[in-house]
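Below: one structure, written as structure tokens.
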């Protein structure tokens, strides 16, 4: 009889262990599924950049433009990605959305022209392609909407030149190799 009791306890222990393994497997499956869902529904900066209006088109098509200087590694840019995707959807017919990656040296002239030293850096351009305002750093959705509404109406932007949380960025400028004057030099030349 002692052997039956001992065997019964072993069977119960095995059942409990198997039940715990099954519960852990289900929990892990749910967590993985949720992780894939969250990742799939998040807004990618790269995908937004691919869908953005090319700068050359935006400067010539007669629509006002919001230009965003960003980087994929910029946590503040990532934090604003969802709001910007919503703005792009809401204002797609009336505003160009241009995204310029600061890690791409192609955009160095624009980085220097608009004095980008923190990202995200937003430049608001009127219908003629002229800069009318800039904001730097994370901006609330309501601030961006108010600025875009004013841009479409060709009015003064209510939140021009505002600054929020940024990611630091230093333009890759080497005075010895640059054929252009750095606008930050205020006309001074570096003698070699």
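Residue numbers (UniProt numbering): 1 to 192. C-beta: ideal position from N, C-alpha, C; glycine also.
Bridge partner(s) assigned by DSSP for residue i
i           : result
residue 134 : 123
residue 98  : 67
Own chain, CB closer than 8 Å to residue i, minus 5 neighbours either side, in chain order
i          : result
residue 50 : none
Cβ-Cβ distance between residue i and residue j below 8 Å
i           : j           : result
residue 61  : residue 90  : no
residue 132 : residue 157 : yes
residue 85  : residue 43  : yes
residue 87  : residue 145 : yes
residue 134 : residue 114 : yes
residue 93  : residue 141 : no
residue 45  : residue 79  : no
residue 147 : residue 159 : yes
residue 129 : residue 59  : yes
Neighbourhood of residue i by C-beta, 6 Å cutoff - its chain only, sequence neighbours within 5 removed
i          : result
residue 69 : 100, 102, 116, 119 and 121
residue 55 : 98
C-alpha gap between residue i and residue j, whole angstroms
i           : j           : result
residue 13  : residue 28  : 22 Å
residue 77  : residue 15  : 50 Å
residue 152 : residue 64  : 7 Å
residue 161 : residue 112 : 17 Å
residue 21  : residue 10  : 16 Å
residue 23  : residue 125 : 56 Å
residue 32  : residue 25  : 10 Å
residue 127 : residue 110 : 18 Å
residue 73  : residue 17  : 44 Å
residue 19  : residue 143 : 53 Å
Close beta carbons around residue i, own chain, < 7 Å, minus the five adjacent residues each side
i          : result
residue 53 : 96, 97 and 98
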